[in-house]
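Trainee: Before anything else, here's the structure in question.
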Amino acid sequence: MLPTPPASPSPSGYAPQHRLGQVLAGRLQLVGILGEGAYGTVYRAVDIHSHVQYAVKALNKLNLEPRQRKFQQREIQLHHLASSHPNVVSLVKIMDSPECTYVVLEYCPDGDLFSNITEMGRYAQDDELARSAFLQILDAVGYCHSLGIYHRDLKPENILVTDQGNTVKLADFGLATSDHITSDFGCGSTFYMSPECQQPNPKAYACYASAPNDVWSLGVILVNLTCGRNPWKKASLEDSTFRAFIKDPNFLGSILPISAELDTILRRIFDPNPATRITIPELRDMIQFCPRFTRPANTPVYTPAPLPSPPLQPFECNPCMQMGISPLAPQYLQNCMPQTPVSPPYAMRFPQLTGSSGGSGSDSGSVFSHTSSASSSSSSSSFTHVHNVPSATSVMGQNSYVPPANAWISPFFQHAGNLVKQFSQQLSFQRPLVAH
Numbered sequence: 000m001l002p003t004p005p006a007s008p009s010p011s012g013y014a015p016q017h018r019l020g021q022v023l024a025g026r027l028q029l030v031g032i033l034g035e036g037a038y039g040t041v042y043r044a045v046d047i048h049s050h051v052q053y054a055v056k057a058l059n060k061l062n063l064e065p066r067q068r069k070f071q072q073r074e075i076q077l078h079h080l081a082s083s084h085p086n087v088v089s090l091v092k093i094m095d096s097p098e099c100t101y102v103v104l105e106y107c108p109d110g111d112l113f114s115n116i117t118e119m120g121r122y123a124q125d126d127e128l129a130r131s132a133f134l135q136i137l138d139a140v141g142y143c144h145s146l147g148i149y150h151r152d153l154k155p156e157n158i159l160v161t162d163q164g165n166t167v168k169l170a171d172f173g174l175a176t177s178d179h180i181t182s183d184f185g186c187g188s189t190f191y192m193s194p195e196c197q198q199p200n201p202k203a204y205a206c207y208a209s210a211p212n213d214v215w216s217l218g219v220i221l222v223n224l225t226c227g228r229n230p231w232k233k234a235s236l237e238d239s240t241f242r243a244f245i246k247d248p249n250f251l252g253s254i255l256p257i258s259a260e261l262d263t264i265l266r267r268i269f270d271p272n273p274a275t276r277i278t279i280p281e282l283r284d285m286i287q288f289c290p291r292f293t294r295p296a297n298t299p300v301y302t303p304a305p306l307p308s309p310p311l312q313p314f315e316c317n318p319c320m321q322m323g324i325s326p327l328a329p330q331y332l333q334n335c336m337p338q339t340p341v342s343p344p345y346a347m348r349f350p351q352l353t354g355s356s357g358g359s360g361s362d363s364g365s366v367f368s369h370t371s372s373a374s375s376s377s378s379s380s381s382f383t384h385v386h387n388v389p390s391a392t393s394v395m396g397q398n399s400y401v402p403p404a405n406a407w408i409s410p411f412f413q414h415a416g417n418l419v420k421q422f423s424q425q426l427s428f429q430r431p432l433v434a435h
């Protein structure tokens, strides 16, 4: 079992813009930078013969430790295995050179899901488009799980968009694993981590299951798609909004403009007990038949019928119990809640990046922060054929986004609970909220 990816490699002294203009294997010319990350750079490339565009992920090989090389190999292998699904970015070819490995990927000209939600205003309040996109994401993740691949960094920045928002594709397998049980705590992006993936002190788990962790991340993406917001900064008792949700599972319906039906679905997804959390097939059925995701601005908040109460005794997950897990029982969550004010839902933003995985308020090094530059040179390397599929950018991050004062968001706060009303004046739509 490979642990959480190691820290960033030592600088190679090779500036990403110096590769612009290079022609790989005599036909793929690097013409622009799509994004940069701790482990490499993503370029836009054009086939000089067919004029088809591709994304080329250049993974640095210089100054890598053997452990870091294993992670690069794992990313390529797992992505290649999942690449045949129509909602996974196609891995087209691999090319090798002395200084880096070039991974040629399908190019998605519409960017990532994050920018489509925040900058283009797609999906929120468009139930059918949001439903279609989320079902495609579910199909991609479900396919990966059927192959024993767990993504572990599901978020809008790692989902690419084509066809004017109608088609979405899963990307960036930099943190993916084939371990169905893992002890990689803090692996992924803070906003999207499950409670069991966090690192409480003392730890409540010795390890956790990978599949339910992905399901939790899907729930946050569902809130992003339907509301354009993040439900909380962190699924931890340190977060006042998450504490309020654990204390009252109906809480999300009082602070987000979601329908009673979607509220019920989210409560199944955000089950703090991973052993009873909804599965992807169950979730797909509920999404397919959900009549509506959001409620009109003037609709009173409706409290859905309560779900069956979880058992108060510690849950059992046989593989985990055999590995010495100390389970997090529901009563533990109920008894550790300081009475502090509840924060309103958070504007979607791109958290601060670090060079390594995990850490509160930070994202993993597999994410790329956007840059732009130009220069030219030329070189070539040989193709190693892996998978022949047509033409998307690999994952690229976004600069912090300042959301506009959307007309549909403001009226919603008129219907929020008294607790949220007290603090809604503190919420400014003119600046991003930073995770601590």
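Position 115 (the sequence shown) corresponds to 114 in numbering that gives the first Met the number 0; numbering is contiguous. Ideal placement from N, C-alpha and C gives every residue a C-beta, glycine not left out. From a predicted model like this one, the values you see are computed outputs, not experimental measurements.
1. Taking the straight line between their C-alpha atoms, what separation do you get for Arg121 and Leu261?
2. Give me the Cα-Cα distance between Pro108 and Arg43, rounded to the nearest whole angstrom.
3. Give me the DSSP bridge partner(s) of Gln28.
4. How is the alpha helix (DSSP H) around Leu137 delimited, first residue to last?
5. Tell whether a beta-carbon distance below 8 Å holds between Ile47 and Gln21.
6. Locate the alpha helix (DSSP H) running through Leu80, then write down its first and last residues.
7. In this structure, how does DSSP classify Gly252 when only helix, strand and coil are distinguished?
8. DSSP three-state label for Val91, please.
9. Let me confirm a value: Lys246 is counted as buried when at least 16 other C-beta atoms fall within 10 Å, else exposed. Which label applies?
10. Between Pro290 and the rest of its own chain, which residues show a CB-CB distance below 8 Å, the 5 nearest in sequence each way excluded?
11. Can you grab the Cα-Cα spacing for the pair Ala123 / Glu98, in whole Å?
12. Of the choices Lys92, Val55, Ser209, Ala129, whose alpha-carbon is the least far from that of Thr181?
13. Pick helix, strand or coil for Asp213, following the three-state DSSP scheme.
14. Judging by CA-CA distance, which residue of Leu169, Leu159, Ser114 is the nearest neighbour of Val140?
15. Sort out for me which residues DSSP pairs Thr100 with in a bridge.
16. With a threshold of 8 Å, are at least 3 pairs of Cβ atoms found where one atom belongs to the stretch 141-148 and the other to the stretch 101-119?
17. Would Gln71 pass as a contact of Thr100 if the rule is Cβ separation under 8 Å?
18. Go through its chain and collect everything with a Cβ distance to Leu458's Cβ below 8 Å, but skip five positions before and after it.
19. Count the other C-beta atoms from every protein chain shown that fall within 10 angstroms of the C-beta of Met192, then say buried if there are 16 or more, exposed otherwise.
20. Along the chain, where does the beta strand (DSSP E) containing Ile158 start, and where does it finish?
21. Pick from Asn212, Leu23, Asp183, Asp270: whose alpha carbon is nearest that of Ser96?
22. Leaving out five residues on either side along the sequence, give the residues of the same chain with a beta carbon under 8 Å from the beta carbon of His179.
23. Please state the DSSP three-state secondary structure of Asn272.
24. Relative to the alpha-carbon of Phe288, which residue among Gln16, Ser131, Asp162 has its alpha-carbon at the smallest distance?
25. Considering only the alpha carbon of each residue, which of Asp213, Glu195, Val214 lies closest to Ala205?
26. In the DSSP assignment, find the unbroken alpha helix (DSSP H) run with Leu112 in it and report its ends.
27. When the Cα of Asp125 is compared with those of Val222, His79, Leu33, Leu58, which residue comes out closest?
28. Taking Pro134 and Ile220 to be in contact with their CB atoms under 8 Å, please state how far apart those CB atoms are, rounded to whole angstroms.
29. Where do the N-terminal and C-terminal ends of the alpha helix (DSSP H) with Lys246 fall, by residue?
30. Quick one: Cα of Lys56 to Cα of Asp183, how far?
31. To which residues does DSSP link Leu169 through a beta bridge?
32. Does Leu33 come out as helix, strand or coil in the three-state DSSP assignment?
33. Can you tell me whether DSSP reads Ala461 as helix, strand or coil?
34. Assuming Trp215 and Ile268 make a contact with CB atoms under 8 Å, what is their CB distance in whole Å?
35. Helix, strand or coil for Tyr106? Go by DSSP, reduced to three states.
36. Taking the continuous alpha helix (DSSP H) assigned at Arg291, which residues delimit it?
Mentor: Looking at the atomic coordinates:
1. Rounded to whole angstroms, Arg121 to Leu261 spans 19 Å at the Cα level.
2. Cα to Cα, the separation comes out at about 10 Å.
3. Answer by DSSP bridge pairing, in chain order: Val22, Val45.
4. Residues 126-145.
5. Their beta carbons are not under 8 Å apart, which means Ile47 does not touch Gln21 by this criterion.
6. Counting along the chain, the alpha helix (DSSP H) containing Leu80 begins and ends at 65-81.
7. DSSP, read as helix, strand or coil, puts Gly252 in helix.
8. Strand.
9. Burial is judged here by how many other beta carbons sit within 10 angstroms of a residue's own beta carbon; Lys246 has fewer than 16 and is exposed.
10. So the list reads Ser258, Glu260, once near-sequence residues are dropped.
11. Those two C-alpha atoms are separated by around 43 Å.
12. The candidate whose alpha carbon is nearest that of Thr181 is Ser209.
13. Asp213 falls in the helix class under three-state DSSP.
14. It is Leu169 whose Cα lies nearest to the Cα of Val140.
15. Per DSSP, Leu58, Asp95.
16. No, the stretch 141-148 does not touch the stretch 101-119.
17. Cβ atoms of Gln71 and Thr100: closer than 8 Å.
18. What the structure shows of the chain is the stretch from 0 to 435, and residue 458 is not part of that stretch, so it cannot be assessed.
19. Met192 comes out buried.
20. First-last of the beta strand (DSSP E) with Ile158: 158-161.
21. Looking at the Cα atoms, Leu23 is the closest of the given residues.
22. Once the five neighbours on either side are set aside, the close Cβ partners of His179 are Gly147, Tyr149, Ala208, Ser209, Ala210, Pro318.
23. Secondary structure of Asn272 (DSSP, three-state): coil.
24. When each option's Cα is compared against that of Phe288, the closest is Ser131.
25. Closest option to Ala205, Cα to Cα, is Glu195.
26. From DSSP, the alpha helix (DSSP H) with Leu112 extends over 112-117.
27. Among Val222, His79, Leu33, Leu58, the Cα nearest to that of Asp125 is on Val222.
28. This sequence places Leu at residue 134; Pro is not what is there. No, Leu134 and Ile220 are not in contact; Cβ-Cβ is about 12 Å, not under 8 Å.
29. Note, Lys246: alpha helix (DSSP H), 239-246.
30. About 25 Å.
31. Bridge partners of Leu169 according to DSSP: Val87, Ile158.
32. In the three-state scheme derived from DSSP, where H, G and I count as helix and E and B as strand, Leu33 is classed as strand.
33. The requested residue 461 is not part of the displayed model; the chain covers only 0 to 435.
34. About 7 Å separates the two Cβ atoms, so the contact holds.
35. Note: Tyr106 maps to coil in three-state DSSP.
36. DSSP places Arg291 outside any alpha helix (DSSP H), giving it a letter other than H or E.
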